[in-house]
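In my numbering, the protein residues as written are 1 to 677.
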């Protein structure tokens, strides 16, 4: 935009500038930023501005561009100028026309030359020799009639060497001369041609044989009652070099993003693989008989691993958002589900710190909405987790209310209020920026990457909402955000019984207040205005006995083999283990396994190829008429980047779980794959 010599500009639907090139700004004696928001009515006379406005209306209505339209620009109190303009419809990624895009070349000099030709040959020659661009006049037989000083400089031939010589045989490369001859024949006959009245790029030859790019504007005139052509030639070597540099820069940026994504994917895989062993073994250890000191140590290991996993997930989420690779699901869900899940996950932490955790869902909030429940829960987890982290005494309260309703959608407002340390006005300014925290000492005292709120902001904005904070140092904080969610047809409002955590009516802290005491009912909030105190969920029960499955585990990491074997043993299943994809294919063909757990990154043959080969083998069996049930294959992988799940499903897998794998997640995946859920 800064380097190109032509005027480039983008306009919105109201024909106001939204971006312009440096060349365009300089023509108006203004900075590019100062022209944003202005229209042609601010720059030219009403007559010219109205014509441009009408042209742009027509382009946006019909979608038809204007190509190389020569037009006079009339300036208030100034001399008129001429431009050759191409205008096209500007479309958004969905194809909707949202404005216009224009390229204008100042052809005032060319117009003056043409006028000078009509008035006086001497004046024409004087003006042409003064021009910075090469100007060449050709007769109908392609013989050079005029060759200005700029042409001498550009091509290296003197005027004496060119007059009467055929232009195309002199400066056009051999490979283009046949096509040029056809165009000349048409021009000689009719005075028209495919290139007349247009600006075209060509390869040209200098006297020394060096080929270089030029831009040629051809116009037809009548000299001595015969057709003649005036060509204005500009060396665009520098522009081409700039364009190539821009392309290289774009390619380099794309490659950088690709390498960054690949690096993050590799690092995620390499970290999650040993982390699966740490967390898996810690979970298994905590299920054994331990002394109080041993249990405390094992809990510390498990908690530290959880913190590390949170950091890894934050970094991956941020990189996905930054690269535009984050995906959203649009599915119906009950709104209270992500809210309840979030609070259940945070209840133990609140209980451990002696904090009350409250929740209110307003009466007017719909029961069911359409959106991404997981991303909504992720934002809530970030905000509630932060509130608990920075609150030492008192409580954390979550509230959900309807803010507004539009056709087919509802805007909801979520607030998370705490009685914690609060935030100064200065710190609030950078609170939602990546890697920013309220105080440099926060990380040392409380931990964290400084990415949680930045990720939350971007997730909220991707869900059509906004996020903010109201706080005062030492007096707690209220974080709020809005989201726009679609509503299913026939959606109903929340009934008075709103936040039902089933049997979770146990007391928490703060004088042992119970849900019943707070709300007057044991079942939940009665009028949508009173809070419900959330208590920690009961410890998970051992998995119910079910028919044992025979499972094949394809996993090359010895520690993860041990973790998976022990987890499956707890679930009453038997397991055979192989260390690569080739062995997995052979074992699955030889034995009737109920499920295959497939790691994706393995030596010899990866899990993707192993799955594809098994599906081909199954298809071959099916074509022979043999009756059998395809083997459910579940990816159990440390790959957690965007597209990994889709790659697994595309290879023929039935499910996908990421490491570190908890026993409950593994049980749920097995149940889904074998239709036991």
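C-beta: ideal position from N, C-alpha, C; glycine also.
Given the structure is predicted, the values throughout are model-derived calculations rather than measurements.
If you draw a 10 Å sphere on the C-beta of residue 616, you find fewer than 16 other C-beta atoms in it, and that means exposed. By the beta-carbon neighbour count (other beta carbons within 10 angstroms, threshold 16), residue 631 is buried.
Excluding residues up to 5 positions away in sequence, 17 lie with their Cβ nearer than 6 Å to the Cβ of residue 38 in the same chain.
Residue state for residue 361 is assigned as strand, using DSSP reduced to three classes. A distance below 6 Å between beta-carbons, with the five flanking residues on each side excluded, links residue 231 to the following residues of its chain, in chain order: 136, 216, 218.
Within the model, the alpha-carbon separation for residue 294 versus residue 373 is close to 38 Å. The stretch 280 to 297 makes no contact with the stretch 245 to 255, as fewer than three CB pairs between them are under 8 Å. Taking the CA atoms as reference points, residue 395 sits about 34 Å from residue 406. Relative to residue 131, the option among 662, 208, 153 whose CA is nearest is 153. Annotation for residue 75: no beta strand (DSSP E) segment contains it, and DSSP assigns it neither H nor E. The three-state reading of DSSP puts residue 608 in helix, counting H, G and I together. DSSP, reduced to helix, strand and coil, places residue 559 within a helical segment of the structure shown. Here residue 484 carries a strand assignment [DSSP, helix/strand/coil]. For residue 290, the three-state secondary structure derived from DSSP is coil.
By the CB criterion at 9 Å, residue 387 and residue 420 fall inside the cutoff.
Cα atoms of residue 5 and residue 23: separation of roughly 6 Å, rounded to the nearest angstrom. When secondary structure is reduced to three states using DSSP, residue 631 falls in the coil class, being assigned neither helix nor strand.
Per DSSP, residue 36 is not a residue of any beta strand (DSSP E), being assigned neither H nor E. Distance from residue 11 to residue 56 at the Cβ level is roughly 7 Å; contact confirmed, criterion being Cβ atoms closer than 8 Å. Residue 34 sits away from residue 270, with the two beta carbons spaced by 9 Å or more. Within the same chain, 574, 593, 594 come within 6 Å of residue 550 by CB-CB distance, once the 5 residues on both sides are set aside. Judged by DSSP secondary structure, residue 334 falls within the beta strand (DSSP E) whose first and last residues are 331 to 334. Judged by DSSP in its simplified three-state form, residue 675 adopts coil rather than helix or strand. DSSP places residue 379 in the uninterrupted alpha helix (DSSP H) bounded by 373 to 389. Following the DSSP letters along the chain, one finds residue 62 in no beta strand (DSSP E) but inside the alpha helix (DSSP H) bounded by residues 46 to 62. Taking C-alpha positions only, residue 212 is separated from residue 176 by approximately 14 Å. Residue 585 is positioned such that its CB atom lies closer than 9 Å to that of residue 614. In the structure shown, residue 87 adopts extended strand secondary structure according to DSSP, grouped into three states. Residue 579 places its beta carbon less than 9 Å from that of residue 602. Counting of Cβ neighbours within 10 angstroms places residue 346 among the buried residues, the total reaching 16 or more. For residue 455, there is no enclosing beta strand (DSSP E); the residue is found in the alpha helix (DSSP H) stretching over 452 to 462. Between residue 342 and residue 381 a beta carbon distance of about 5 Å is seen, short of the 8 Å cut, so the two are scored as contacting.
Under the 10 Å beta carbon count, residue 356 is surrounded by 16 or more other beta carbons and is classified as buried.
According to the DSSP assignment, residue 167 belongs to the alpha helix (DSSP H) that extends over 167 to 171. Pairing residue 339 with residue 361 gives a Cβ-Cβ distance under 9 Å.
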